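For the sequence shown, this note's numbering assigns the number 149 to the last residue and increments by one with no breaks.
Virtual Cβ for every residue (Gly too), placed ideally from N, Cα, C.
Since the model is a prediction, treat every value here as computed from it, not as a measurement.
The structure appears right after this line, and notes come after that.
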Amino acid sequence: METRKFSIDGHIVEFYKENGDEKFRFRIVNEEKLTEKLLNNCKTKRVKEKGIQYAIKGIREKLSYIKKVGLQNKPTTQNPIVELSERIQKIFGKNITSRVIEKHGPDHCPTVKVRITLPNGISATDCGSNQRIARQKAAKQLLEII
Numbered sequence: 004m005e006t007r008k009f010s011i012d013g014h015i016v017e018f019y020k021e022n023g024d025e026k027f028r029f030r031i032v033n034e035e036k037l038t039e040k041l042l043n044n045c046k047t048k049r050v051k052e053k054g055i056q057y058a059i060k061g062i063r064e065k066l067s068y069i070k071k072v073g074l075q076n077k078p079t080t081q082n083p084i085v086e087l088s089e090r091i092q093k094i095f096g097k098n099i100t101s102r103v104i105e106k107h108g109p110d111h112c113p114t115v116k117v118r119i120t121l122p123n124g125i126s127a128t129d130c131g132s133n134q135r136i137a138r139q140k141a142a143k144q145l146l147e148i149i
C-alpha cells in the first residue's frame with residue numbers, strides 16, 4: 004500500500020492506494036465519523052497523484068462546511084420519511100409500514116393520526132392536518148430513536 008499524509012486544519016488526511024490501483028483514496032486518520040461525513044459530501048472519492056493538491060483544497064472547504072453544519076449523518080433538507088426508509092432498508096432489508104389510525108374533524112380542517120412501524124416492532128404515532136405531515140412527524144420521532 005502506498006500512502007501520502009497531509010495535515011489539513013488540524014486533521015491528518017491520508018491518501019492511500021492499494022497495489023495495482025491507479026488512483027488514491029483518502030480518509031481522516033482516527034476519525035471514522037468525520038471521514039464518513041467528508042465522503043458523503045465529496046463527489047470525487049478517488050484521485051490521481053497529480054490531483055492530490057486539488058483534492059486537499061476541496062477537503063479543506065468540505066471540512067470547513069462540516070464544522071459549521073456539525074457531524075449530522077445526512078443533510079436536514081431531506082424528507083424524514085425518505086431518510087427513515089433508507090436507514091431501515093439498510094439495517095433490516097425491509098420497508099417501514101404506515102397506517103392511518105384515525106381521521107376526525109371537518110373535511111376542510113381534518114386531524115389525521117398516523118402510525119409508522121419498523122420491521123423490529125418499534126412504532127411511533129403522531130397527528131397532523133394531513134397524512135403527509137403526520138407521517139413526517141412520526142418519522143422524525145423514529146429517526147431520533149434509531
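Burial state of residue i, where buried means 16 or more other Cβ atoms lie within 10 Å
{"i": "Lys27", "result": "According to the sequence displayed, residue 27 carries Phe and not Lys. Classification of Phe27: buried, given that the 10 Å Cβ count is 16 or more."}
{"i": "Arg135", "result": "exposed"}
{"i": "Lys110", "result": "According to the sequence provided, residue 110 is Asp. The question's Lys does not apply to it. Under this definition Asp110 is an exposed residue."}
{"i": "Asp129", "result": "buried"}
{"i": "Ile149", "result": "exposed"}
{"i": "Ile125", "result": "exposed"}
Sequence-distant residues of its chain with Cβ nearer than 6 angstroms to residue i (five each side left out)
{"i": "Ala58", "result": "Val50"}
{"i": "Asn93", "result": "Before going on, a small fix: residue 93 reads as Lys here, not Asn. Correct list: empty, nothing qualifies."}
{"i": "Glu105", "result": "Lys116"}
{"i": "Pro113", "result": "Lys106"}
{"i": "Gly108", "result": "Thr114"}
Cβ distance (whole Å) where residue i is taken to contact residue j below 8 angstroms
{"i": "Val115", "j": "Ala141", "result": "Not a contact, Cβ separation roughly 11 angstroms."}
{"i": "Ile69", "j": "Val16", "result": "Not really, about 13 angstroms apart at Cβ, beyond 8 angstroms."}
Beta carbon of residue i nearer than 7 angstroms to that of residue j
{"i": "Asn33", "j": "Lys65", "result": "no"}
{"i": "Leu41", "j": "Lys48", "result": "no"}
{"i": "Ile55", "j": "Phe95", "result": "no"}
{"i": "Glu21", "j": "Met4", "result": "yes"}
{"i": "Gln144", "j": "Ile84", "result": "no"}
8 angstroms Cβ shell around residue i - same chain, five flanking residues per side excluded
{"i": "Lys77", "result": "The predicted model places Lys77 with a pLDDT of 49, which falls under 50 and marks its position as unreliable; any figure quoted below should be read in that light. For Lys77, where only same-chain residues beyond five positions count, the Cβ hits under 8 angstroms are Asn43 and Glu86."}
{"i": "Leu146", "result": "Pro83, Glu86, Leu87 and Arg90"}
{"i": "Lys8", "result": "Ile15, Val16, Glu17, Phe18 and Val32"}
{"i": "Asn133", "result": "Pro113 and Val115"}
Same chain only: Cβ atoms within 7 angstroms of residue i, ignoring 5 sequence neighbours per side
{"i": "Gly131", "result": "Val115, Ala137 and Lys140"}
{"i": "Thr38", "result": "Arg30 and Ile31"}
{"i": "Ile11", "result": "Ile59, Ile62, Arg63 and Leu66"}
{"i": "Ser88", "result": "Asn98 and Ile99"}
I'd like to know if the stretch 117-131 and the stretch 100-109 are in contact, where contact means that at least 3 CB-CB pairs between them fall below 8 angstroms. Taking a cut-off of 8 angstroms on C-beta distances, the stretch 117-131 touches the stretch 100-109, as three or more cross pairs fall below it.
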